[in-house]
Amino acid sequence: MAAGILSSVKTASSNLLRQCLNRTVLSESVRCASYDPYPKFEAQTPYKPKKCNKYGYHNKLYDGGILPRPKGKYEDEPLPLPKYDAAKRDQWTEKKALFGQNDYIDIFADGAVRPVDLMKGPVWLRGFKGHEFQRILRQLKFEGAMLKEMYPTRYHNMTKRLFFLYKRLNEKRRHAPFWGGPRRAASSRIEKLTDW
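Numbering of the sequence shown is given in UniProt numbering, commencing with residue 1 and proceeding in unit increments.
Put into structure tokens, the structure is as follows:
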């Protein structure tokens, strides 16, 4: 029984020795095959490795160099464009027919009709002339209740912008500071006098 155990230990040790030798020989052969007389030593960088961004993104635009050119019949000629027939053009479209109709409205009319009355667009913007603060004030005057009810975020952004513009436009005034509260009367010697 002892002889069987001894023989199994010998075979196991010989197999282990053979595997170790094979590993060293293979690693040495690989090392010798990739020998570089001028090895490049790269210093370890102190920075974090660059993350891979746009992973999985596929660019749908063509980026393969110059665009393909036609060969054969149209190689040296410009590509044909569709023929334009001026006779088939409609000269009486609404835009062309009514172009410039309000140019001389003040000359030919009695002055009761103004160009502002014929303008299309939001009611609060027709005939308006002013800067952004005045425009937002006017819009809120016309549509403020509707915006507050139906579009609260837009209303909030408009009031924020109005508040900013108010501060911006009044920063050069020589009055009490914006956060100063109600303006105090100037102190004088007369106020300090008391009745006897």
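We put the CB at the ideal spot given by N, CA and C, even for glycine.
These figures come from a predicted structure and were not determined experimentally.
When the options are compared against residue i, the one with the closest alpha-carbon
i      : options                        : result
Lys120 : Gln91, Asp63, Asn102, Lys60    : Asn102
Leu140 : Val123, Thr45, Lys129          : Val123
Arg137 : Arg114, Ala112, Tyr166         : First, the amino acid is wrong: residue 137 is Leu here, not Arg. The shortest C-alpha separation from Leu137 is found at Tyr166.
Arg135 : Asn170, Met158, Gly100, Glu171 : Met158
Host alpha helix (DSSP H) of residue i (start-end)
i      : result
Gln91  : Gln91 -> no alpha helix (DSSP H), and no H or E assigned at all.
Glu132 : 132-150
Residue i, DSSP secondary structure in three states
i      : result
Asp36  : coil
Arg126 : coil
Lys160 : helix
Tyr155 : helix
Leu67  : coil
Ala112 : coil
Arg173 : coil
Lys167 : helix
Leu98  : coil
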